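What follows is one structure encoded as structure tokens, with my remarks underneath.
There are 2 protein chains.
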Amino acid sequence: MPTPDRTSLIEIVEAGRDLIESGGASRLTMQAVAERVGVRPPSLYKRVRDRDELLALVAQATVDDLGRRLAASDGSLAGLARTYRSFARERPEGFRLMFTVEGAAESLQQVSEPVLLLGREMAGEDVALEAARLIVAWATGFIDMELAGSFRLGGDVDRAFEFGLERLDLALRG
Amino acid sequence: MPTPDRTSLIEIVEAGRDLIESGGASRLTMQAVAERVGVRPPSLYKRVRDRDELLALVAQATVDDLGRRLAASDGSLAGLARTYRSFARERPEGFRLMFTVEGAAESLQQVSEPVLLLGREMAGEDVALEAARLIVAWATGFIDMELAGSFRLGGDVDRAFEFGLERLDLALRG
DNA sequence: ACCTGAACACCGTTCAAGT
DNA sequence: ACCTGAACACCGTTCAAGT
């Protein structure tokens, strides 16, 4: 005698995404997720193996979102970097999770294509990959530090971002 | 009737540092720390307010270590960056904690001085801060991604690091 | 086939009682 | 003044029993 489904994997992942943005990954408890989707905690284990897998799914969904955004940008250095930064500001906790969760690294690959294209265009075939890594490392580090509140010496953080864009443009076309 | 101290804050923080390196911050439980220092969990609360404070102290100790290392380097772009990277490889979990833990951001300030000096030397007074932020953002992002296993497109990661150093040198002296 | 209550192990934290 | 056992709240997870 089957029971009608009272929730779905999509709904569970969406609840997880909301929860982490409300105060970090520690807010994502199986109990809180269950309550949000209207089910008891044990029922979640019909859809996800455990909490770690749910965190990975949340990270994956965030990567997918980011990939769509980047693909829709104009593909320029400034365009990609600003898109990346504004995405991180929208979902700061999701952004962090992408680099934290075990197993999210693979899926980040799908995001790297537009940056790799840009690296080739700017610095040439030979060092396309190295150029892409310079760009991504800078942008990721900048945003991570910005979100963590690590820029403490005053100054204009937006100006520092634009400065980075200008100089990287110089450095890669050199 | 006083009881002789059976542990100390220093010993507790050191135990915490060991524990996180053995498998991430989740390994740092009050029970595991207590066991390591030879005391029962409730006793820890005589020295630290709660687990979060202990995590902050562990991050702080890591920042102090890093500050000493950077101060002992030659102060060049390559010297600072390589010191930073090798420190992160020695204590990957401590490195991550520096940017994760609430309240570790303030203490990172003490580390920024040598980079700020370098930024001024390379790019001039006017943009010293912006230059320092470009350097730190790149190095931090690169190392973070390296530790997280985010470089998945093959290629030589060491080569990408050296490429970044060369091009940043170009970009900042430009 | 999904859902639930009950149960278990584990963790952070408090507190009264010991020395 | 520090230490402890006992206790509580909370969490992840399992499982037998329900529909």
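Chains as they are written, first to last, in the numbering used here: chain A, 1 to 174; chain B, 1001 to 1174. Glycine included, each C-beta is placed from N, C-alpha and C at the ideal position. These figures come from a predicted structure and were not determined experimentally.
C-alpha gap between residue i and residue j, whole angstroms
{"i": "V1058 (chain B)", "j": "E1014 (chain B)", "result": "8 Å"}
{"i": "S1026 (chain B)", "j": "V1033 (chain B)", "result": "12 Å"}
{"i": "E1035 (chain B)", "j": "P1041 (chain B)", "result": "8 Å"}
{"i": "F1163 (chain B)", "j": "L170 (chain A)", "result": "14 Å"}
{"i": "A137 (chain A)", "j": "G1103 (chain B)", "result": "24 Å"}
{"i": "K1046 (chain B)", "j": "L1108 (chain B)", "result": "27 Å"}
{"i": "F161 (chain A)", "j": "P4 (chain A)", "result": "51 Å"}
{"i": "I1143 (chain B)", "j": "R6 (chain A)", "result": "43 Å"}
{"i": "I1135 (chain B)", "j": "R167 (chain A)", "result": "11 Å"}
{"i": "D1050 (chain B)", "j": "D64 (chain A)", "result": "37 Å"}
{"i": "R85 (chain A)", "j": "R1173 (chain B)", "result": "26 Å"}
{"i": "L1044 (chain B)", "j": "T1062 (chain B)", "result": "20 Å"}
{"i": "A56 (chain A)", "j": "E1113 (chain B)", "result": "37 Å"}
{"i": "G141 (chain A)", "j": "L129 (chain A)", "result": "18 Å"}
{"i": "Q1031 (chain B)", "j": "M30 (chain A)", "result": "23 Å"}
{"i": "R19 (chain A)", "j": "V1157 (chain B)", "result": "Before going further, note that residue 19 (chain A) is Leu rather than Arg in the sequence given. Going by the C-alpha atoms only, they are around 35 Å apart."}
{"i": "M1145 (chain B)", "j": "M145 (chain A)", "result": "14 Å"}
{"i": "R133 (chain A)", "j": "E1121 (chain B)", "result": "25 Å"}
{"i": "L117 (chain A)", "j": "L1117 (chain B)", "result": "35 Å"}
For residue i, the nearest candidate out of the options (CA to CA)
{"i": "A1123 (chain B)", "options": "B:L1077, B:F1161, B:A1088", "result": "B:L1077"}
{"i": "L1115 (chain B)", "options": "B:S1086, B:L1147, B:D1074", "result": "Note on residue identity: the sequence assigns Val, not Leu, to residue 1115 (chain B). Comparing Cα-Cα distances from V1115 (chain B) to each of B:S1086, B:L1147, B:D1074, the minimum goes to B:D1074."}
{"i": "Q60 (chain A)", "options": "A:E21, A:L168, A:G24, A:V101", "result": "A:V101"}
{"i": "E1090 (chain B)", "options": "B:L1165, B:E1021, B:T1003, B:L1055", "result": "B:E1021"}
{"i": "G1079 (chain B)", "options": "B:A1139, B:L1129, B:L1044", "result": "B:A1139"}
{"i": "L147 (chain A)", "options": "A:F87, A:L55, A:R159", "result": "A:F87"}
{"i": "L1054 (chain B)", "options": "B:M1098, B:A1072, B:V1157", "result": "B:M1098"}
{"i": "V1127 (chain B)", "options": "A:R159, A:V127, A:L19", "result": "A:R159"}
{"i": "D1052 (chain B)", "options": "B:L1117, B:G1016, B:S1043", "result": "B:G1016"}
{"i": "S8 (chain A)", "options": "A:V39, A:L19, A:D18", "result": "A:V39"}
Check whether residue i and residue j have beta carbons under 8 Å apart
{"i": "A1131 (chain B)", "j": "G1119 (chain B)", "result": "yes"}
{"i": "V111 (chain A)", "j": "G67 (chain A)", "result": "yes"}
{"i": "R96 (chain A)", "j": "T83 (chain A)", "result": "no"}
{"i": "E1093 (chain B)", "j": "G1024 (chain B)", "result": "yes"}
{"i": "A1081 (chain B)", "j": "L1165 (chain B)", "result": "yes"}
{"i": "A105 (chain A)", "j": "R1152 (chain B)", "result": "yes"}
CB-CB length for residue i against residue j, believed under 8 Å
{"i": "V1037 (chain B)", "j": "E1011 (chain B)", "result": "5 Å"}
Residue i: CB within 7 Å of a non-hydrogen atom of the ligand FMN
{"i": "E1162 (chain B)", "result": "By its list of ligands, the structure shown contains no ligand whatsoever, and the ligand FMN lies outside what it can speak to."}
Residues in the segment 1020-1054 of chain B having any Cβ partner in chain A nearer than 9 Å:
Within the segment 1020-1054 of chain B, no residue has its Cβ closer than 9 Å to any Cβ of chain A.
Taking beta-carbon pairs under 9 Å, can you tell me which members of the segment 1113-1128 of chain B lie near chain A?
The segment 1113-1128 of chain B vs chain A, Cβ under 9 Å: L1116, A1123, V1127.
Quick one: which residues of the segment 1082-1096 of chain B get their C-beta closer than 9 Å to a C-beta of chain A? List them in chain order.
Close to chain A, meaning a Cβ-Cβ distance shorter than 9 Å, are the following residues of the segment 1082-1096 of chain B: R1096.
Near-chain A residues of the segment 1002-1017 of chain B (beta-carbon distance less than 9 Å), N- to C-terminal order
Flagged: no residues at all.
What are the residues in the segment 1058-1079 of chain B lying within 9 Å of chain A by C-beta distance?
Taken residue by residue, none of the segment 1058-1079 of chain B has a beta-carbon sitting less than 9 Å from a beta-carbon on chain A.
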